[in-house]
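Engineer: Have a look at this one.
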Amino acid sequence: MSPLDDRRSTTAPPFALLAEVTHRCPLQCPYCSNPLELERSSREMATADWLRVLGEAAALGVLQVHFSGGEPTARRDLAELIRHASQLGLYSNLITSGVLTAERQLADYVEAGLRHVQVSFQDADAGGGDRIAGLQGAHQKKLRFATMVRQAGLPLTLNLVVHRQNLDNLPHMIAMAESLDAGRIEIAHVQYYAWALANRDALLPSRAALDEATRVVEAARARLKGIMVIDYVVPDYHAVRPKSCMNGWGRQFINVMPSGTALPCHAAQILPGFEFPSVLRASLADIWYRSDAFNRFRGTDWMPEPCHSCERRELDWGGCRCQAFQLTGDATRTDPVCALAPDHGLVGAVRSAADGEVPAFVYRRFGADLAVR
Ligand code: SF4
Ligand code: FES
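Note that my numbering gives residue 103 to position 100 of the sequence shown, counting from 1, and the numbers run on in steps of one.
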């Protein structure tokens, strides 16, 4: 048996492909999960490469493809990619800001086989929404687009990223989701990677604000039971156990960047000592089963104590490798968010910033001046 066959017998295939088809985006959200060094359009893979990647994903066992970015609708070939995914039997989800898509274009996506749409909202009204998105008129366009999605008969999820500058408006944001007939909302406190890390002090809420938001979410869940699903992600720095990041490294997700670099998570490029493979040079199956990048933190063998003998090790998979690296400089450490981690004290120091002054945003843009942080 070759090493590849051996890994195939012990590793499950991926469940979902996150296709980051472009980093171009008219919005400039200060918590964007794209890397600080954005990939320019000249580096984007051609249509033929994406079509091949979709075919390899389906052959590998992927069931869902999430078309994301940047703003995925900025690519003129998006309908073609959706159509191909659909013909391959993949469930296509579009993750979009909703500010670029006209009715005709949405109709093309629907006709091509699009199954679900997630639209991001930055706040409950145009004042806050446009300011956080860094684009005048964005909020109004999003409202229009979300309405079009429901009129087209597609299920709609609203992605509501919350933080210290919009948390007070959470009840209004939930009411907005109801009025737009969303079937699901994802209320996610900002996770501190990339642009969000550069803006951490401007975004991290206080403990009191977080507790109030959690009360609002619980009340809404009770009230909207059977009508709307509400997913809720708390901010890492206020937790006592880490999130199961990506549901475990190399367990369910493959992220492919605009240029074709394949990553086990959206932030992995910050980790030193890795060579992340490209779908232009290796098949998705080789990358998934055989690459060092996808195997390094797969499973539990790599874990240090206390994770290695912890009863939660196959629940949270030791938390997040990128967060461990960001806070300790060593990606193999237990995620410091865990109260059992030797480095948990580092999180308390970060949390104290949530009660301080609110600095100005560093907006996401090509060549942004990060020196202002
Ligand atoms: Fe999770 Fe490790 Fe903490 Fe246990 S010690 S809860 S496995 S991060
Ligand atoms: Fe990279 Fe969590 S974001 S492992």
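Think of the CB as a built atom: it goes at the ideal place given N, C-alpha and C, for glycine as much as any other residue.
Using 7 Å as the cut-off, classify the Cβ of residue 383 as near or not near the heavy atoms of the ligand SF4, replying yes or no.
Structural biologist: Absent from the model: residue 383. The displayed extent of the chain is 4 to 376, so no value can be given.
Engineer: For the beta strand (DSSP E) holding residue 40, just list the boundary residues, first then last.
Structural biologist: First-last for residue 40: undefined, no H or E at that position.
Engineer: Give the secondary structure of residue 304 by DSSP, where H, G and I count as helix, E and B as strand, and everything else as coil.
Structural biologist: coil
Engineer: Express the C-alpha separation of residue 46 and residue 283 in angstroms, rounding to a whole number.
Structural biologist: 12 Å
Engineer: Straight-line CA distance for residue 200 to residue 353?
Structural biologist: 11 Å
Engineer: With a threshold of 7 Å (Cβ to nearest heavy atom), would residue 351 be considered close to the ligand SF4?
Structural biologist: Not under cutoff, so the answer is no.
Engineer: Between 362, 103, 229, 178, which lies nearest to residue 143 when the distance is taken from Cα to Cα?
Structural biologist: Relative to residue 143, the option among 362, 103, 229, 178 whose CA is nearest is 103.
Engineer: Quick one: what's got a C-beta closer than 6 Å to residue 174's C-beta in the same chain, skipping five residues either side?
Structural biologist: Excluding positions up to five away in sequence, the list reads 219.
Engineer: Rounded to the nearest angstrom, what separates residue 163 and residue 100 at their Cα positions?
Structural biologist: 11 Å
Engineer: Drop a sphere of 10 angstroms on the beta-carbon of residue 152, count the other beta-carbons inside from all chains shown, and report buried for 16 or more, exposed for fewer.
Structural biologist: Counting Cβ neighbours within 10 Å, residue 152 comes out buried, since at least 16 surround it.
Engineer: With a Cβ-Cβ cutoff of 8 Å, do residue 177 and residue 235 count as a contact?
Structural biologist: At the C-beta level, residue 177 and residue 235 stay beyond 8 Å of one another.
Engineer: State the start and end residues of the unbroken alpha helix (DSSP H) segment that holds residue 354.
Structural biologist: 348-354
Engineer: Between residue 116 and residue 86, which are expected to be in contact by the criterion C-beta below 8 Å, what is the C-beta distance as a whole number of angstroms?
Structural biologist: 6 Å
Engineer: Apart from the five residues just before and just after residue 25, which ones in its own chain have a Cβ nearer than 6 Å to its Cβ?
Structural biologist: Here the set comprises 47, 72, 73, 77, 78, 261.
Engineer: Taking buried to mean at least 16 other C-beta atoms within 10 Å of its own C-beta, is residue 263 buried or exposed?
Structural biologist: Residue 263 comes out buried.
Engineer: Just to confirm, does residue 381 get its C-beta within under 7 Å of one of the non-hydrogen atoms of the ligand SF4?
Structural biologist: With the chain covering only 4 through 376, there is no way to say anything about residue 381.
Engineer: Considering only the alpha carbon of each residue, which of 39, 122, 114, 64 lies closest to residue 70?
Structural biologist: 122
Engineer: Tell me where the alpha helix (DSSP H) around residue 295 begins and ends.
Structural biologist: 295-298
Engineer: Thinking residue 91 and residue 57 are a contact (beta carbons under 8 Å), I'd like their distance in whole angstroms, please.
Structural biologist: Going by Cβ atoms, the distance from residue 91 to residue 57 rounds to 6 Å, so yes, they are a contact pair.
Engineer: What is the DSSP secondary structure of residue 129, reduced to helix, strand or coil?
Structural biologist: helix
Engineer: Can you tell me where the alpha helix (DSSP H) holding residue 56 begins and where it ends?
Structural biologist: 50-63
Engineer: Do residue 266 and residue 138 have their beta-carbon atoms positioned less than 8 Å apart in this structure?
Structural biologist: Result no, Cβ atoms of residue 138 and residue 266 do not sit closer than 8 Å.
Engineer: Starting from the Cα of residue 240, find the closest Cα among 149, 355, 304, 221 and give me that residue.
Structural biologist: 355
Engineer: What's the gap between the Cα of residue 188 and the Cα of residue 13?
Structural biologist: 35 Å
Engineer: Please state the DSSP three-state secondary structure of residue 292.
Structural biologist: helix
Engineer: Under the criterion of a Cβ to heavy atom distance below 7 Å, does residue 337 qualify as lining the ligand SF4?
Structural biologist: yes
Engineer: Can you tell me which of the three DSSP states residue 122 falls into?
Structural biologist: strand
Engineer: For the beta strand (DSSP E) containing residue 67, list its first residue and its last residue.
Structural biologist: 67-71
Engineer: Counting only the same chain and skipping the five closest in sequence on each side, list residues whose C-beta sits under 8 Å from that of residue 63.
Structural biologist: 16, 17, 287, 288, 291
Engineer: Between the beta-carbon of residue 305 and the beta-carbon of residue 335, is there less than 8 Å?
Structural biologist: yes
Engineer: Alpha carbon to alpha carbon, how far is residue 167 from residue 205? Give it in angstroms, no decimals.
Structural biologist: 7 Å
Engineer: What does the alpha-carbon distance come out to for the pair residue 172 and residue 133?
Structural biologist: 14 Å
Engineer: To the nearest whole angstrom, what separates the beta carbons of residue 149 and residue 109, a pair I think is in contact under 8 Å?
Structural biologist: About 11 Å separates the two Cβ atoms, so there is no contact after all.
Engineer: Quick one: Cα of residue 27 to Cα of residue 295, how far?
Structural biologist: 30 Å
Engineer: Helix, strand or coil for residue 80 per DSSP?
Structural biologist: coil
Engineer: Compare the C-alpha of residue 182 against each of 211, 207, 227 and name the closest.
Structural biologist: Distance from the Cα of residue 182 is smallest, within the candidate group 211, 207, 227, for 227.
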